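Residue numbers (UniProt numbering): 1 to 282.
Given below as structure tokens:
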């Protein structure tokens with residue numbers, strides 16, 4: 001089985017060349033406490049047995065400046081692809097997307113909130129962004145969305161309107177699973193299964209949540225696979241945002257998904273990533 005990670009981050013140790021300019025004006029604590037250069041990521045991947053990765057730009061460090069994630073991934077183009085972020089509602093959004101794609105960007109991400117700001121899904125339904133979404137379909141660039149359950153109605157609208165764009169939900173859209181089977185509190189997540197262009201990232205957040213309340217890995221993950229199919233699920237480490245080494249994070253994911261078939265795990269740990277980011281399969 002090949003392991004592909006679709007959610008690590010990198011932070012440069014050269015702030016003169018790559019100055020921090022965090023989105024919303026507040027830099028994330030993790031990016032200062034656990035910075036991880038591209039060289040450190042490659043070393044961690046080697047130690048953990050992770051072959052390739054789609055590296056997600058840190059909006060809470062660099063805002064819309066994708067320079068470091070693009071430069072870093074181009075430095076290791078045989079193993080990494082860059083996923084960046086642009087201001088989707090800006091007048092020049094399409095020109096900016098084309099420019100970054102020309103420099104090597106293979107996917108985009110909308111950060112509507114998280115560690116430094118409450119979720120605000122209003123950007124997702126702003127018509128000014130629709131021309132940029134059209135361009136994503138033209139360029140075949142997948143879009144990651146960082147939101148919680150509050151933003152799922154907007155995600156549903158986008159998935160229907162832009163059916164040719166693969167939409168990847170960071171952290172599964174942060175569902176509430178603590179009620180356990182049949183996971184009624186996560187009903188809005190499972191409603192997304194009817195939209196074939198919706199994909200889910202399985203990250204440390206969900207592997208921790210299924211150990212709480214009435215939830216369990218054995219009851220939750222088979223239900224997700226049954227609803228979405230393993231070919232629409234992909235593992236993301238969230239390293240180094242989530243505590244622990246990459247090897248430890250990967251081991252937790254392997255333990256959580258041990259209840260699935262080997263074929264399903266092969267999709268989640270590698271094949272879905274290659275489907276979303278074909279360059280990884282080269």
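Here a beta-carbon is modelled for each residue, glycine too, at the ideal position from N, C-alpha and C. Just so we're clear, the structure is a prediction, and the values are computed from it rather than from any experiment.
- Taken in chain order, the complete alpha helix (DSSP H) segments of 4 or more residues contained in the region 52-98 are 59-62, 67-75.
- Following the DSSP letters along the chain, one finds residue 109 inside the beta strand (DSSP E) bounded by residues 105-111.
- For the options 217, 224, 156, the alpha carbon positioned closest to that of residue 195 is the one of 156.
- Nearest to residue 45 by alpha-carbon distance, out of 2, 219, 74, is 2.
- The criterion of a C-beta distance shorter than 8 Å is not satisfied by residue 214 and residue 236.
- Boundaries of the alpha helix (DSSP H) harbouring residue 154: 152-161, taken from the DSSP string.
- For residue 267, there is no enclosing alpha helix (DSSP H), as DSSP gives it neither H nor E.
- Taking the Cα of residue 13 as reference, the smallest distance to any Cα among 72, 150, 229 is reached at 72.
- Per the coordinates, the alpha-carbon of residue 255 lies some 14 Å from the alpha-carbon of residue 264.
- In its chain, beyond the 5 residues on either side, 264, 267, 268 have a beta carbon closer than 6 Å to the beta carbon of residue 230.
- Distance between residue 26 and residue 261, taken at the CA atoms: about 42 Å.
- When only Cα atoms are considered, residue 108 and residue 96 end up about 12 Å apart.
- Every unbroken stretch of the beta strand (DSSP E) spanning 3 or more residues and falling wholly within the region 160-197 is given here in chain order: 167-169.
- Put simply, the backbone Cα of residue 9 is about 14 Å away from that of residue 144.
- Cβ atoms of residue 250 and residue 48 come within 8 Å of each other, at about 5 Å.
- Take residue 126, set aside five residues on each side of it, and the residues of its chain with a beta-carbon closer than 6 Å to its own are 89, in chain order.
- By the CB criterion at 8 Å, residue 124 and residue 158 fall inside the cutoff.
- As the crow flies, the alpha-carbon of residue 24 is around 19 Å from that of residue 170.
- Residue 32 carries a helical assignment under DSSP once its states are collapsed to helix, strand and coil.
- In the structure shown, the three-state DSSP call for residue 118 is coil.
- Distances from the CA of residue 182 to each of 20, 218, 148, 161 were compared; the closest alpha carbon is that of 218.
- Where residue 143 is concerned, there is no enclosing alpha helix (DSSP H), although the beta strand (DSSP E) around it starts and stops at 143-146.
- Ranked by Cα distance from residue 233, the first of 275, 81, 241, 252 is 275.
- For residue 234, the beta-bridge partners assigned by DSSP are 201.
- Under a 10 Å Cβ-count criterion, residue 161 is classified as exposed, with fewer than 16 other Cβ atoms of the shown protein chains found around its own Cβ.
- Between residue 280 and residue 93, the beta carbon gap of about 26 Å keeps them out of contact (Cβ cut-off 8 Å).
- A straight-line Cα-Cα distance of about 34 Å links residue 138 and residue 40.
- Less than 8 Å divides the Cβ of residue 136 from the Cβ of residue 165.
- With respect to the C-alpha of residue 186, the residue from 204, 167, 203, 209 having the closest C-alpha is 209.
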